[in-house]
Amino acid sequence: MTTETLIWLIPFPPVLAFFLIVLFTNKNKVLSHTLAVGAAFLSWLGSMIVFVRALGVEHLGEHPFESSVNWLPTGDTWFRIGVLIDPTGAAVLFFVSITIFMIFLYSVGYQNYGQPQGDHDVKGLPPHGATVEEHGHKHVVPSVEPMYSRFFAFLGLFAFGMYVLVVSDNLLTFFVGWEIMGLCSYLLIGFWYAKPSARDAAVKAFMTTRIGDVFMLLGIAYLYSATGTLSFREIFTEETLQALATTMTPVLGLSAAGLIGLLLFIGTVGKSAQFPLHVWLPDAMEGPTPVSAMIHAATMVSAGVYAVIRMFPLITADFTGHGLTTTMSIIAFIGAFTALFAATIAVSQNDVKRVLAYSTISQLGYMIAALGIGAYVAAAFHLITHAFFKALLFLGSGSVIHGMEHGVLHTGNHHVDPQNMFNMGGLRKKMPITFWTFLIGGFALSGFPLITAGFWSKDEILADAFGHGYWWVFGALALAAFLTAFYTMRQITLTFLGEPRTKEAEHAQETPWPMTTPLVILAFFAVTYGWVGIPEHFPGLGGLVPNWFHEFVGGTLAEHPEALAFNWIPLITSLIVALGGLFFGWLVYRNVNSVSEDKLQIPLLKNKYYFDEAYDVLFVKPAYWIAETLVYKWMDQRLIDGTLHIFGPVTDKIGSFIRYYIDLLIVNQAVGDGSYKVTWWFGRNLRGVQTGRIQQYLMFALVIFMLVGAALYFYFRYFRLVA
Amino acid sequence: MVPLSWYLILAAALFSVGLFGVLSRRNAVAILLGIELMLNSVNINLAAFWRYGNVLDMAGQVFAIIVFAVAAAEVAVGLALVISVYRKRNTVIADDIDLMKW
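Same order as they appear, the protein sequences are chains A and B. Per our numbering, residue 11 is the first one in the first sequence, and the count goes up by one each step. Per our numbering, residue 0 is the first one in the second sequence, and the count goes up by one each step.
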């Protein structure tokens, strides 16, 4: 099979699994998860083959794997769709396929496969546990998810969306994949739809990302009208970019390239939960944990950054290397601001998943900021390392929650929130695999020096910001990095270290192998993936391993980015913030035993700077007011119904008029009765001619014939012919 | 050759005789006879016009034959009706057969 054919095929196993599960195997749990995991495996295998083949191609950036077919006739030309794997695409495909496969596998354990049916579980709610009798005494164990098959079907569709997006060679199919994921994230966040909070979160996520998508669609439409193509390879030619960069638009003095870039970037702001559209992502934690990992690590939010990476040549089309363009400044500012702002919120969150949610927003801000200042390779690098360790952390937190639920079922005290970190503590002894992998993920997130992947990617972003002299970006990101290390250590300390703070934590249990295996595999990548991108000039280590990532991914761009000269300042900053943050996190929280002892429960941070409340007042309430008061009560009930209420009586009046004066009088009396009366009168008076005598009739006929004949004769004789 | 008008006069005379018969005779069979006379006067007209017109155009002759056929059929039906009426009412006087009046 050629590589191109293989790339075409990669997205299809998951969607096939989706349809098979939905249509046929919904009742059968084993078959459903076998299909889904098998499909994820096939896609992973295909992706790996493509990746390995991509490694073997010299100058893949200039000669990527590409193949396209005619799709829509557009006048004399065709709109072509197809697949494209360039170095960035290959690198993204690599991490996407691994994380997706791991998440599928993990879901089998997380949704309690192999456990008994719940005692009173209902569809649309998380399973409540089942009572089993063992050795003569009863105890409660986790029960299997009631909608097990449906979950895997949704995951499959989600994976399909992501693969479509990654392998697309044009913005349209890219957008299609993007929207498929939007739908699936809605379905999956609202998976436990009987929980009102999950429903609200699903709607919120859908609506918020839709705002970004509208702008993105505008950008796509503008791009298509300006260039007549949506294919990446055709847009990123020098002439097209040059033309776009020199066309001016009336908006903010931006060039066409800048405006399109900005519009597409707004799509990313929604999808990657950047300020000010970040509000949906923490609420998305209502979904099952594999969903959180799916949305926050492997797929959706990465897709947002991937969109900007894909569009990088366009965004930087009018960038000369001296001074950022308006679009890039906006991107850099939003990224840096989001990185810092989300990190401050994460410090005060108590829900183990919410901390990670804000951490994700913050880390995505890092990548966006890096792209804003033109650090293409660093952003792609951080995107991939982050995907690994954030997927690991989410799956790890899911494992922790699962273990805590075990404890909750054991004690039977359902008031204990298994997601609240202050109910945990000391889990390192109960759940060693989860602990160690979580520790690795956490250290990678904090950028623990030299060993972890997070260090290398984060360091590269900081070095880029410093090296190109963007002080404000550098400062914001360094501060955010410190906070990241701090809240990560806070999380680890509260969750795993110390002594158990509740009975439930004492009875927590390590999770089964389908959950721990993905953790171990992801932990492996969370450490080693950093080593492929060690800068060449790094003291001591540089040059030991070639900086493969920079060479490979940098080759995607027409102008290969230069490796940055080494500088001690960003390295030392990065060391200080990572180690300092970790140390302070441990120092402050090692003796904290309850929420009241936590000094950082500041209302402003706790309530996420009141963004939800502000949006409620600014957008939600007005929307309700418009819907209910303006449109429903005033427009619909008064204006439209009022108008209709005028029509009713008026029509009634017209109707009665027609009835009494036209129908009854003219139609019935004059025409209806009249015609009968006239006919009757004639019949009455003319019946005398009907004598029944044949010869009399003939006489009549003869007389009339002669009269008519005479009349005609005289007519033609004296009038017609004379005239 | 005899002029066309002679034929036409003959036909008109014959038609008038037939018409008079139809209108004045009381016997239904005689009325039928009158009708036959009128039809035949028409045939004379048709044949005469054919002869004095375009001889190659056969329409006049053909039409005369069609009139024969119609006359034969009409007489057959008419006589059958007369016989039927006679059997029922024992009369063939047209004025007595006046059931179809108002």
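A virtual CB, placed ideally from N, CA and C, is assigned to each residue, including glycine.
For chain B, is any of its Cβ atoms less than 7 Å away from the one on residue i?
i: residue 703 of chain A; result: yes
i: residue 696 of chain A; result: no
i: residue 674 of chain A; result: no
i: residue 708 of chain A; result: yes
i: residue 700 of chain A; result: yes
Would you verify that the beta carbon of residue i is, or is not, closer than 7 Å to some beta carbon of chain A?
i: residue 29 of chain B; result: no
i: residue 12 of chain B; result: no
i: residue 22 of chain B; result: yes
i: residue 100 of chain B; result: yes
i: residue 94 of chain B; result: yes
i: residue 97 of chain B; result: yes
If I measure Cβ to Cβ from residue i and keep anything under 7 Å in the same chain, skipping five residues before and after, which residues do I get?
i: residue 187 of chain A; result: 171, 172, 174, 175 and 178
i: residue 425 of chain A; result: none
i: residue 364 of chain A; result: 292 and 295
Does DSSP classify residue i as helix, strand or coil?
i: residue 220 of chain A; result: helix
i: residue 644 of chain A; result: helix
i: residue 92 of chain A; result: strand
i: residue 135 of chain A; result: coil
i: residue 258 of chain A; result: strand
i: residue 140 of chain A; result: strand
i: residue 354 of chain A; result: helix
i: residue 400 of chain A; result: helix
i: residue 149 of chain A; result: strand
i: residue 361 of chain A; result: strand
i: residue 70 of chain A; result: coil
i: residue 555 of chain A; result: strand
i: residue 610 of chain A; result: coil
i: residue 79 of chain A; result: strand
i: residue 44 of chain B; result: helix
i: residue 92 of chain B; result: strand
Ordered along the chain, which non-local residues of its own chain (more than five positions away) have a Cβ less than 8 Å from that of residue i?
i: residue 383 of chain A; result: 334, 338, 342, 474, 475, 478, 480 and 483
i: residue 505 of chain A; result: 362, 410, 431, 434, 435, 437 and 448
i: residue 103 of chain B; result: The first residue shown for chain B is 0 and the last is 101, placing residue 103 of chain B beyond what the model contains.
i: residue 406 of chain A; result: 444, 447, 448, 451 and 529
Which one of the options has the shortest CA to CA distance from residue i?
i: residue 45 of chain B; options: B:80, B:67 and B:30; result: B:67
i: residue 454 of chain A; options: A:380, A:539 and A:283; result: A:539
i: residue 76 of chain B; options: B:13, B:4 and B:31; result: B:31
i: residue 324 of chain A; options: A:366, A:246, A:351 and A:313; result: A:246
i: residue 47 of chain B; options: B:20, B:72 and B:7; result: B:7
i: residue 80 of chain A; options: A:72, A:92, A:678 and A:293; result: A:92
i: residue 161 of chain A; options: A:243, A:289 and A:45; result: A:45
i: residue 518 of chain A; options: A:586, A:408 and A:575; result: A:408
i: residue 101 of chain A; options: A:263, A:395, A:277 and A:203; result: A:395
i: residue 446 of chain A; options: A:509, A:576 and A:529; result: A:529
i: residue 615 of chain A; options: A:165, A:356 and A:182; result: A:356
i: residue 503 of chain A; options: A:492, A:592 and A:546; result: A:592
i: residue 119 of chain A; options: A:259, A:298, A:194 and A:461; result: A:298
i: residue 199 of chain A; options: A:185, A:183, A:184 and A:217; result: A:217
i: residue 149 of chain A; options: A:420, A:227, A:240 and A:122; result: A:420
i: residue 58 of chain A; options: A:104, A:202, A:456 and A:77; result: A:104
i: residue 371 of chain A; options: A:346, A:386, A:360 and A:387; result: A:346
Can you tell me whether residue i is buried or exposed, with buried defined as 16 or more other CB within 10 angstroms of its CB?
i: residue 281 of chain A; result: buried
i: residue 679 of chain A; result: exposed
i: residue 129 of chain A; result: exposed
i: residue 197 of chain A; result: buried
i: residue 440 of chain A; result: buried
i: residue 8 of chain A; result: Coverage of chain A is limited to positions 11 through 733, which leaves residue 8 of chain A absent and any answer about it impossible.
i: residue 652 of chain A; result: exposed
i: residue 647 of chain A; result: exposed
What residues in its chain sit with their C-beta under 6 Å from that of residue i, if we drop five residues either side in the sequence?
i: residue 52 of chain A; result: 23
i: residue 691 of chain A; result: none
i: residue 559 of chain A; result: 391, 542 and 543
i: residue 255 of chain A; result: 265, 267, 327 and 328
i: residue 584 of chain A; result: 469 and 472
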